[in-house]
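Take a look at the structure set out below.
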Amino acid sequence: MDRPAPAHVDDRALQQALIAEQKVAIMPGYTYGPEGNGFLRLNVGCPREKLERGVEGLIAALRSLS
């Protein structure tokens with residue numbers, strides 16, 4: 001699932017915060033070239049419980065960076 005990252009959040013900072021604070025991994029959009037800047041990729045091909053924890057972690061990390 002590809003989604004635009006909030007405009008005020010640096011995708012590298014978000015990736016680092018997610019790994020360090022939430023134990024959640026994403027792929028920042030810049031990994032896929034210049035057209036990916038400002039986007040992130042989150043794999044949803046996992047058990048629902050794990051996905052829910054990941055989304056909760058994503059929300060927490062976004063709040064901490066806001």
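To convert, note that position 30 of the sequence shown is 30 in the UniProt record's numbering; the numbers rise steadily by one, no gaps.
Each residue gets a CB set at the ideal place from its N, CA and C atoms; glycine is no exception.
Bridge partners of R63 according to DSSP: none are assigned. Of G54, R63, G33, the smallest CA-CA separation from N43 is found for G54. Taking R12 as the centre and dropping the five residues before and after it, the same chain places the C-beta of P28 closer than 7 Å to its C-beta, in chain order. When DSSP assignments are scanned along the UniProt domain "Aminotransferase class I/classII large" (10 to 57), the uninterrupted stretches of beta strand (DSSP E) that are 3 or more residues long and fall wholly within it turn out to be 39 to 41.
If the five residues before and after L65 are omitted, its C-beta is found closer than 7 Å to the C-beta atoms of V9, A13, L14, A17, all from its own chain and listed in chain order.
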